[in-house]
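J.: Numbering (full-length UniProt numbering), first residue to last: 1 to 333. From the three backbone atoms N, C-alpha and C, an ideal C-beta is built for every residue, glycine too.
(1) Pop quiz: residue 268 and residue 317 are said to be a contact at Cβ under 8 Å. What is the actual Cβ separation, rounded to whole angstroms?
(2) Could you compute how far the alpha carbon of residue 139 sits from the alpha carbon of residue 252?
(3) Exposed or buried, which one is residue 243 when buried takes at least 16 other CB atoms within 10 Å?
(4) Residue 260: buried (16+ other C-beta within 10 angstroms of its C-beta) or exposed?
(5) Return the chain-ordered list of same chain residues with a C-beta closer than 7 Å to the C-beta of residue 334, the five sequence neighbours on each side being excluded.
(6) Pick out whichever of 146, 156 and 176 has its Cα sitting closest to the Cα of residue 165.
(7) Per DSSP, which residues does residue 325 bridge with? Please list them.
(8) In this structure, does DSSP put residue 112 in helix, strand or coil?
(9) Taking the Cβ atom as the reference point for each residue, do residue 136 and residue 41 lie within a distance shorter than 8 Å?
(10) I want to know whether the segment 179 to 197 touches the segment 17 to 26 - three or more CB-CB distances under 8 Å.
(11) Nearest-angstrom Cα distance between residue 113 and residue 35?
(12) Taking residue 132 as the reference, give the member of 101, 33, 196 and 293 with the closest Cα.
(13) Do you know offhand how far residue 331's Cα is from residue 84's?
(14) Express the C-alpha separation of residue 218 and residue 3 in angstroms, rounding to a whole number.
(15) Which class does residue 293 belong to by DSSP, given the choice of helix, strand or coil?
(16) Tell me the rounded alpha-carbon separation between residue 201 and residue 28.
(17) Specify the secondary structure class of residue 103 as computed by DSSP and reduced to three states.
(18) Quick check on the burial criterion: 16 or more other C-beta atoms within 10 angstroms. Buried or exposed for residue 326?
(19) Who does residue 81 pair with in a DSSP beta bridge?
(20) Applying the criterion that 16 or more other CB atoms from any shown protein chain within 10 Å of the CB defines a buried residue, is residue 180 buried or exposed?
(21) List the residues that DSSP assigns as beta-bridge partners of residue 263.
(22) Which same chain residues, not among the five before or five after residue 89, have their C-beta less than 7 Å away from its C-beta?
(23) If you measure between the beta carbons of residue 57 and residue 30, is that distance less than 8 Å?
(24) For the alpha helix (DSSP H) that residue 29 lies in, which residues bound it at each end?
(25) Hey, residue 134 and residue 122: beta-carbon distance below 8 Å or not?
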């Protein structure tokens, strides 16, 4: 695909527009505070993947208070890490972050590296996260491309409603020309953050607020009448949450997080008529039962039959998100 190249004067105007807007409208996110460590920025990036920022902020604050350095997280019990991750979703991210912390502590002197190639070699760190940490935490001039930045650039400079398909080397090279030159004012860092913020708050996927966009005068897509286009990032309607394996996996994990001791597999998988409750209707659950566990187990049984629950328990064990001993099911130690 051929991308359009803006005139130098247009690019300079775009820089001024975005940087002025960002200075006035940037959200007050805690990891943007001056003096924030590279480790704190890395944690924020991992948590923010596929999770709304509003849900991330309180979890990030608690996480950094508990594990302010990679070595702190590396030494933490896996069960504690999974419980702290709580409702952020996709809990395998927590396991990868713990693995990443262990490598940073052991091989990098407990300091997050700033070199993108070195960052990409860390467990769970892809091209986007490596570039984001290098830019936002280390001040390196690099091209940060997430779905928001790609959408803004596609609309303003290429005239397309959405970027076309997966990120390519040619698109990365094209986007690199928009990043301001390295300098003491760190405009290159503010540009990456500003365009990302613009895509998150104004130039959104479904309802862009073009009337308040600082790039409206330069936007080829707006000038063309905002022609419709396929959004490759939009999930199909079949990806509903209710009734999915993801929902049921989350419900099983909720039991294990709430339990203080192993929980017998039969409590999850036995049929309603086979379920052995206590004389007062409560669950023994290998000594782990209390009201929260009882409620969580009932929720699992409402969402799936014994065969499906058993299959997902096995999958959680294979993903190292759960473990099973003679005593029952529990979070990994």
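T.: This is what the structure gives:
(1) 13 Å between Cβ atoms; not a contact.
(2) 42 Å
(3) exposed
(4) exposed
(5) The requested residue 334 does not occur in the structure, where the chain is confined to residues 1 to 333.
(6) 146
(7) 328
(8) coil
(9) yes
(10) yes
(11) 16 Å
(12) 196
(13) 12 Å
(14) 16 Å
(15) helix
(16) 13 Å
(17) helix
(18) exposed
(19) Answer by DSSP bridge pairing: none, since residue 81 is not bridged.
(20) buried
(21) 329
(22) 50 and 51
(23) yes
(24) Taken as a continuous stretch (DSSP letters only), residue 29 belongs to no alpha helix (DSSP H), as it is neither H nor E.
(25) no
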